[in-house]
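Undergrad: Letter 50 of the sequence shown, counting from 1, is numbered 50 in UniProt numbering, and no numbers are missing. Can you read through this structure? Questions will come right after.
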Amino acid sequence: MYVSVATEPGGSAPNEDWVGGTPSLALVLDGLSTAGLGTGCRHGVPWYVAQLGSQLVAALATGDRPLADGLAEALERVGRLHPECDLQNPGTPSATVAILRERPGHFDHLVLADSPIVLEGADGITVLTDLRVDEVCQDLRAETEQFATGTPEHRASVARLVAAQRKIRNTPEGYWVAAASPDAASHALTGTVAAADVRSAAVMSDGVSRLVTEYQMATWEGLLAQLRTSGPAALIRSIREVEATDPHGQRWPRYKAGDDAAVAFCSFAQGPQDAALPDGSA
């Protein structure tokens with residue numbers, strides 16, 4: 001499997017997304033925004049996603065290990081790296097997780113929260129994602145859309161939303177993300193598809209998928225075609241160009257003018273996508 005990757009922060013703040021690839025793995029983590037609220041951790045979200053990403057690669061080095069088991073071990077390992085922090089804080093650093101793994105004859109996949117995996121096959125497009133977060137706090141989510149992005153009113157509204165989400169994060173009444181407890185891994189959505197049914201694939205954060213799902217400025221087929229011909233970095237640049245036409249979120253209400261973006265493109269035969277090697281490949 002050929003994996004090319006790119007990630008870029010959405011603004012001047014440090015990147016809270018993480019992407020990695022090996023000849024058999026593609027992984028994306030999207031760190032959850034703190035909205036300026038406390039976390040109980042002195043390290044921060046960028047540190048957390050970097051540690052979790054590297055621990056995931058190590059935990060999944062054995063190719064036949066269940067992905068959820070590898071995620072649980074990685075979460076436990078990261079917790080041991082900062083025991084001095086308040087890991088019971090509801091705002092402890094956390095992230096979405098999306099993993100695609102190739103093994104003989106099959107692809108295994110795992111999604112935890114809303115970073116999708118998009119598979120292209122002979123029968124069309126399959127989108128694997130976990131949208132449980134969209135089912136909670138819908139009134140507060142709608143409230144954030146009433147204000148121009150970046151205004152004091154908008155920032156206050158986003159903070160109220162995040163505070164409410166934290167109360168039900170990683171609970172049966174809410175939704176699940178990777179955080180401090182390894183138990184979250186058991187709530188990930190997992191599955192396996194036959195390798196013969198997959199022509200290409202992309203693993204991405206919602207800072208990339210929104211080009212299709214929210215901005216509706218591309219189709220999944222078009223997004224994969226751009227990844228194949230131009231590479232991940234060029235795709236992210238095109239997203240930034242779209243966002244620049246609506247800096248205040250009036251056409252596309254959103255939490256930030258530009259969100260952090262990360263994408264891994266997976267192909268299975270040498271071709272034009274190899275011109276994208278400067279983005280990073282495995």
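Built from N, CA and C at the ideal position, the CB exists for glycine as well.
Leaving out five residues before and five after Tyr215 in sequence, what residues of the same chain have Cβ atoms less than 6 Å from its Cβ?
TA: Within the same chain, and ignoring the five residues on either side of Tyr215 in sequence, the residues whose Cβ sits closer than 6 Å to its Cβ are Val242 and Trp252.
Undergrad: For Pro247, which residues from the same chain have a beta carbon less than 6 Å from its beta carbon, with the 5 sequence-adjacent residues on both sides left out?
TA: Around Pro247: Ala257.
Undergrad: Quick check: the Cα distance between Trp18 and Glu8, rounded to an integer number of angstroms?
TA: Here the alpha carbon of Trp18 sits roughly 9 Å from the alpha carbon of Glu8.
Undergrad: Between which two residues does the alpha helix (DSSP H) harbouring Ser157 extend?
TA: Start and end: Pro152 to Ile168.
Undergrad: Under the DSSP definition of a beta bridge, which residues are partnered with Asp30?
TA: Under DSSP, Asp30 forms a beta bridge with Asp17 and Thr96.
Undergrad: Could you give the residue range of the beta strand (DSSP E) that holds Thr229?
TA: Run containing Thr229: none in the beta strand (DSSP E); it sits in the alpha helix (DSSP H), Trp220 to Ser230.
Undergrad: Assuming Ala50 and Val203 are in contact, meaning their beta carbons sit under 8 Å apart, how far apart are those beta carbons, in whole angstroms?
TA: No, Ala50 and Val203 are not in contact; Cβ-Cβ is about 17 Å, not under 8 Å.
Undergrad: Please determine, among Met217, Leu128, Pro90 and Glu143, the residue with the shortest C-alpha to C-alpha distance to Cys41.
TA: Pro90
Undergrad: Hey, how far is the Cα of Pro23 from the Cα of Tyr2?
TA: 6 Å
Undergrad: What are the complete beta strand (DSSP E) segments, minimum 3 residues, inside the segment 23 to 69?
TA: 25 to 31
Undergrad: Can you find at least 3 beta carbon pairs, one from the segment 67 to 84 and one from the segment 172 to 191, that sit closer than 8 Å?
TA: yes
Undergrad: How is Val127 classed by DSSP in three states: helix, strand or coil?
TA: Per DSSP, reduced to three states, the secondary structure at Val127 is strand.
Undergrad: Would you mind giving the Cβ-Cβ distance between Arg210 and Tyr175, rounded to the nearest angstrom? I have them listed as a contact below 8 Å.
TA: At roughly 18 Å, the Cβ-Cβ gap does not stay under 8 Å, so Arg210 and Tyr175 are not in contact.
Undergrad: Does the segment 158 to 177 come close enough to the segment 45 to 64 that 3 or more CB-CB pairs lie under 8 Å?
TA: no
Undergrad: Would you check if the segment 102 to 113 and the segment 187 to 201 touch, i.e. whether three or more CB-CB distances between them fall below 8 Å?
TA: yes
Undergrad: Are Glu73 and Ala201 touching if we call contact CB-CB under 8 Å?
TA: no
Undergrad: Please report the straight-line C-alpha distance between Ala264 and Thr245, rounded to a whole angstrom.
TA: 26 Å
Undergrad: For Phe107, list the residues DSSP reports as bridge partners.
TA: Glu102 and Val193
Undergrad: Hey, quick one: how far does the beta strand (DSSP E) through Gly121 stretch, first residue to last?
TA: Ile117 to Gly121
Undergrad: Of the residues Leu37, Leu25, Thr39 and Glu84, which one's Cα is nearest the Cα of Thr62?
TA: Leu25
Undergrad: Quick one, which of Cys85, Ser12, Thr34 and Gly207 has its alpha-carbon nearest Ser94's?
TA: With respect to the C-alpha of Ser94, the residue from Cys85, Ser12, Thr34 and Gly207 having the closest C-alpha is Thr34.
Undergrad: Using the C-alpha atoms, what's the distance from Arg65 back to Ala194?
TA: 17 Å
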